[in-house]
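*Asks:*
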Amino acid sequence: MGADIDKTSVERAYARWAPVYDLVFGAVFDAGRRAAIAVAEEACGEHGGRILEVGVGTGISLPDYSRKNRIVGIDLSEPMLRKAYERVVEHSLSNVETLAVMDAERMALPDQSFDVVVAQFVITAVPNPEATLNEFARVIRPGGEIVLVNHIGAEAGPRRAFEVCFAPIARRLGWRPEFRFGRLADWAERHGGVRVLEHRPMPPLGHFSLIRFERLGNRA
16 MGADIDKTSV ERAYARWAPV YDLVFGAVFD AGRRAAIAVA EEACGEHGGR
66 ILEVGVGTGI SLPDYSRKNR IVGIDLSEPM LRKAYERVVE HSLSNVETLA
116 VMDAERMALP DQSFDVVVAQ FVITAVPNPE ATLNEFARVI RPGGEIVLVN
166 HIGAEAGPRR AFEVCFAPIA RRLGWRPEFR FGRLADWAER HGGVRVLEHR
216 PMPPLGHFSL IRFERLGNRA
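In the working numbering, the protein residues as written are 16 to 235.
(1) At what residue ranges does the stretch 35-110 contain a whole run of the beta strand (DSSP E), taking only runs of 3 or more?
(2) Would you check if the stretch 148-167 and the stretch 222-234 touch, i.e. whether three or more CB-CB distances between them fall below 8 Å?
(3) Which first and last residues belong to the alpha helix (DSSP H) in which P144 is found?
(4) Comparing C-alpha positions only, which one of A58, R195 and M217 sits nearest to V132?
(5) Can you tell me which of the three DSSP states H166 falls into?
(6) Alpha carbon to alpha carbon, how far is R85 from P78?
(7) Beta-carbon within less than 7 Å of R215's beta-carbon, same chain only, minus the 5 sequence neighbours each way: which residues are those?
(8) Going by DSSP in three states, F194 sits in which element: helix, strand or coil?
(9) Is there contact here, the stretch 105-112 with the stretch 136-152, by at least three beta-carbon pairs under 8 Å?
(10) Report the partner residues of L225 according to the DSSP bridge assignment.
(11) Going by C-alpha distance, which of G232, E213 and R230 is nearest A51?
(12) Below 8 Å on the Cβ atoms is my contact criterion, and I expect D71 with A46 to pass it. Report the Cβ-Cβ distance as a whole number of Å.
(13) Between the stretch 144-152 and the stretch 114-122, do at least 3 Cβ pairs fall closer than 8 Å?
(14) When DSSP builds the beta bridges, which residues end up paired with A115?
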């Protein structure tokens with residue numbers, strides 16, 4: 016599928032959001048964020064593991080991870096990451112290994128180097144979601160998980176009609192409101208090295224979903 020969002024637009028959009036992102040979206044995204052952290056930590060086990068958070072943004076999630084887990088955060092937006100650096104210092108987050116500006120579609124990270132990839136409100140905001148998901152699968156070990164939290168478009172009805180109409184405006188803001196779960200399920204089937212573990216509606220009103228994939232075998 017061709018890209019209908021470009022990286023430059025996304026970078027500009029999130030540079031504008033950086034100063035007010037937590038204030039505007041913090042409470043709205045809180046339930047999904049906490050659920051993503053909980054399942055990521057469960058997947059890492061009682062002794063902890065290595066978690067990659069893609070689209071770490073202002074680092075609002077970072078203080079909520081258990082210190083037994085080691086965290087790497089990446090984001091396309093340098094202004095957002097500056098906020099994340101400030102948060103790491105403020106909370107003395109010694110378990111955060113690094114924060115880096117990086118393109119989620121072409122991550123400069125080794126194969127099978129993480130136990131879990133967490134991507135919150137990211138997959139509808141990248142130019143090529145399938146290429147991005149391929150990268151997520153590449154960097155997690157067999158048995159590891161990809162944990163997504165995202166707005167998932169309605170299958171039908173008035174909300175679906177609204178999402179389609181709103182889509183051109185939303186793209187200028189850096190996301191796709193009409194993105195449906197079927198696109199994720201189709202990717203998993205084509206990839207062949209992952210399987211869907213869970214698709215759970217999240218507050219508010221089920222407009223967001225938590226989606227989990229398991230990495231199978233040794234496919235890169």
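All C-beta atoms, glycine included, are put in the ideal place defined by N, C-alpha and C.
*Replies:* Reading from the atomic positions:
(1) 65-69 and 85-90
(2) yes
(3) P144 to V154
(4) A58
(5) strand
(6) 12 Å
(7) S224 and L225
(8) coil
(9) no
(10) V164 and R215
(11) E213
(12) Sequence inspection shows Val at residue 71; the Asp mentioned does not correspond to that position. Not a contact, Cβ separation roughly 18 Å.
(13) yes
(14) I89
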